[in-house]
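Okay, structure first, notes after.
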Amino acid sequence: YTSAQHINPYYSKIESNRKQNSVEAALRRHDRIRLAERRRLNVAKNLSWGDGCRCCYDPNSDGGEYTALVELRATLKHNNDEQNEEQNEQNLGLEHLYDIDNKDRYSEKDSDNDSDSDDEFDYLLDEDLPDNEDEDGYGNESKNVLKLLQQERIEELQLAAMIHESAIQHGFGVHRQLHPQRVLHAAGLGMGGVRGPRAASIPPTAVIHLNEDSQLSATLDICLEELAQSTYKGTKFLRSNGRSTLLFNGELANEVLPRLKPDSSLPALIAVKDGAVIAVCENLRALGSTKDEKVEPEAVEEWLDRAGVLLREVPIAFEDYCRIRPEEDALVANMMREKARLAEISEVEIHQCGVPGCRKTFSHQHIGIKNEEQSGLILCQELVEGI
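Under the working numbering, the sequence shown has 157 at position 169, and the numbering climbs by one with no breaks.
See the structure below:
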C-alpha cells in the first residue's frame, strides 16, 4: 500500500496549510476582543439615535422622525415632567411632616441619651484583629484566589456589556427608522427566505411598521419602542414611511405584500420571521381604536406574540451579528492605504513633460512624442543640424 504522501509529494504541505487555515479561521471567529475592535471601526457615530453598524444602517439616509411622532413625544415628556413635579411636592410635604413628628417624639429622650456611654463596646477593642495569614497558613493564597474570581467576574460583565452594546448597534432590541428603499431588505424580505452562513443578513425575527404621519402611527411607534427596550431584546423593530416603501419597492412589495395598497392599507404592521412574512395588520384595525387614533399596548403585544416574532434574547451567535466580513475589512483598509499613498505622491513635484498621465519626478523626455515640452527626437535638434 502506498500512502498519499508518497504519491503526491505536496500532499502533506497542502494538508498542513489547510489545517492551519482552519485553525486561524476558528481563532478569528471566536476572538471576541478582536471582533469588538474590528466592529468599532464600522460603527457610524452620526446617526440621529446614536451609534449603529454600517452593515445595518446608512448614516446618510436612515434615522429621523415624522411630525406626529415628534409632537407626541414632546407631549408625553411634558406630562411626565408635570407628574414628577407633583410627586416631588408631595414627597417634600410628607418629609416635612415626618421631621416634625420625629422632633416631637424624640425631644423628651435627648436628655437621657446624653449620658449614654460606649463602655459596652469596649470589649471589641480588646480583641486581636485577624492577621493577614490564617491559622493554617493559607491566607495569602485565599486572597489570590478571591482576586482571580473577582477578575473573572469583571471580565464576564465586560463581555456581557460588549455583546449587549453590539446587539443594539446591529438593531436588536431597538426601534429604528430606515429609508423606504432599505427597510424591507433590512428585515430579510427578498433575501431568499433562508438564513445563510452569515446569519445577520436575514434577522430571525423582525417587526416592520409602515407608518403614516398620524397620531395612530405615532402611538404605535411609542409602544414598539417600549416593547423593544423593556423586554424583547432579540427582535428587530423597524419603521418607515408606508407609501414611499410600497412605491420604491413595487416589485418586491407585490411579491411579499400583495394585499397592501398605498392608498387604502396604511398604516400597517408586518411580522417577519426568517425572511418571510408571517402576518400583516392593515390599517392597524386589530390593535386599537382608529377612531380615537390610539393603539392598545396589550393588543399589540398579543398580536406580535401570536405571530411568533417576539424574542427575549438574540438567537444567533455574537460572531454572526455583523454582515461585514474580515475580508471586506481588509479590502477597505488596503484601499485606504492606497488612497493615502496616492495623496502623498500628488504632493511631490512632478516633472512637466507634457505627456498626460506621466507622474515621473525626474527630468526626462518621451521618444516619438512631440509636444510643447519636448521634441520627441532621440537626438536634440541642434545635434541633428550640426551633423
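Note that the Cβ used here is the ideal one computed from N, Cα and C, for glycine as well. Model, not experiment: these values are computed from the prediction.
Alpha-carbon spacing of residue i relative to residue j, whole angstroms
{"i": "residue 35", "j": "residue 292", "result": "28 Å"}
{"i": "residue 80", "j": "residue 74", "result": "10 Å"}
{"i": "residue 204", "j": "residue 141", "result": "46 Å"}
{"i": "residue 9", "j": "residue 2", "result": "11 Å"}
{"i": "residue 185", "j": "residue 287", "result": "Low confidence applies here, because residue 185 scores a pLDDT of 45, under 50, leaving its location unreliable and the question unanswered by this model."}
{"i": "residue 297", "j": "residue 264", "result": "11 Å"}
{"i": "residue 305", "j": "residue 261", "result": "17 Å"}
{"i": "residue 244", "j": "residue 250", "result": "14 Å"}
{"i": "residue 386", "j": "residue 171", "result": "Since the first residue shown for the chain is -11 and the last is 375, residue 386 is missing from the structure and cannot be characterised."}
{"i": "residue 238", "j": "residue 258", "result": "16 Å"}
{"i": "residue 139", "j": "residue 129", "result": "15 Å"}
{"i": "residue 195", "j": "residue 294", "result": "13 Å"}
{"i": "residue 182", "j": "residue 303", "result": "For residue 182, the pLDDT reaches just 49, beneath the cut-off of 50, and the residue's location in the model is therefore unreliable, leaving the point undetermined."}
{"i": "residue 133", "j": "residue 144", "result": "17 Å"}
{"i": "residue 308", "j": "residue 357", "result": "57 Å"}
{"i": "residue 53", "j": "residue 165", "result": "7 Å"}
{"i": "residue 76", "j": "residue 63", "result": "20 Å"}
{"i": "residue 351", "j": "residue 338", "result": "9 Å"}
{"i": "residue 347", "j": "residue 353", "result": "12 Å"}
{"i": "residue 222", "j": "residue 160", "result": "5 Å"}
{"i": "residue 78", "j": "residue 71", "result": "11 Å"}
{"i": "residue 155", "j": "residue 349", "result": "51 Å"}
{"i": "residue 67", "j": "residue 328", "result": "53 Å"}
{"i": "residue 0", "j": "residue 343", "result": "53 Å"}
{"i": "residue 226", "j": "residue 136", "result": "43 Å"}
{"i": "residue 6", "j": "residue 355", "result": "51 Å"}
{"i": "residue 187", "j": "residue 147", "result": "Residue placement at residue 187 is poorly supported in this model, since its pLDDT is 47, which falls under 50; the coordinates are not used for a value here."}
{"i": "residue 247", "j": "residue 273", "result": "15 Å"}
{"i": "residue 179", "j": "residue 362", "result": "59 Å"}
{"i": "residue 131", "j": "residue 301", "result": "36 Å"}
{"i": "residue 279", "j": "residue 69", "result": "28 Å"}
{"i": "residue 55", "j": "residue 33", "result": "24 Å"}
Unbroken alpha helix (DSSP H) run spanning residue i, endpoints
{"i": "residue 231", "result": "230 to 236"}
{"i": "residue 347", "result": "Where residue 347 is concerned, there is no enclosing alpha helix (DSSP H), given that its DSSP letter is neither H nor E."}
{"i": "residue 207", "result": "203 to 218"}
{"i": "residue 260", "result": "Note, residue 260: premise wrong, no alpha helix (DSSP H); beta strand (DSSP E) at 256 to 261."}
{"i": "residue 173", "result": "171 to 174"}
Nearest to residue i (by Cα), restricted to the options the options
{"i": "residue 312", "options": "45, 33, 60 and 5", "result": "45"}
{"i": "residue 169", "options": "241, 162 and 209", "result": "241"}
{"i": "residue 207", "options": "282, 309, 31 and 310", "result": "282"}
{"i": "residue 47", "options": "132, 38, 342 and 68", "result": "38"}
{"i": "residue 252", "options": "200, 339, 165 and 131", "result": "200"}
{"i": "residue 360", "options": "0, 131, 162 and 341", "result": "341"}
{"i": "residue 162", "options": "202, 146, 190 and 220", "result": "220"}
{"i": "residue 224", "options": "289, 4, 279 and 191", "result": "191"}
{"i": "residue 60", "options": "202, 289, 354 and 350", "result": "202"}
{"i": "residue 290", "options": "248, 278 and 267", "result": "267"}
{"i": "residue 275", "options": "209, 246, 248 and 226", "result": "209"}
Distance cut-off 7 Å: residue i Cβ against heavy atoms of the ligand COA
{"i": "residue 286", "result": "Among the components modelled here there is no ligand, and therefore nothing to report on the ligand COA."}
8 Å Cβ cutoff met for residue i and residue j
{"i": "residue 198", "j": "residue 218", "result": "no"}
{"i": "residue 285", "j": "residue 271", "result": "no"}
{"i": "residue 31", "j": "residue 41", "result": "yes"}
{"i": "residue 57", "j": "residue 193", "result": "no"}
{"i": "residue 310", "j": "residue 158", "result": "yes"}
{"i": "residue 277", "j": "residue 167", "result": "no"}
Residue range of the unbroken beta strand (DSSP E) whose run includes residue i
{"i": "residue 297", "result": "Unbroken run through residue 297: none, as it is neither H nor E."}
{"i": "residue 198", "result": "193 to 199"}
{"i": "residue 39", "result": "38 to 41"}
{"i": "residue 164", "result": "163 to 165"}
{"i": "residue 270", "result": "264 to 270"}
Closer than 8 Å to chain D by CB, residue i
{"i": "residue 66", "result": "Reference to chain D is not applicable here, since this structure consists of a single protein chain."}
Would you be able to state if there are at least three C-beta pairs under 8 Å between the segment 142 to 154 and the segment 171 to 179? no
Please determine if the segment 210 to 224 and the segment 232 to 244 are in contact, where contact requires at least 3 C-beta pairs separated by less than 8 Å. no
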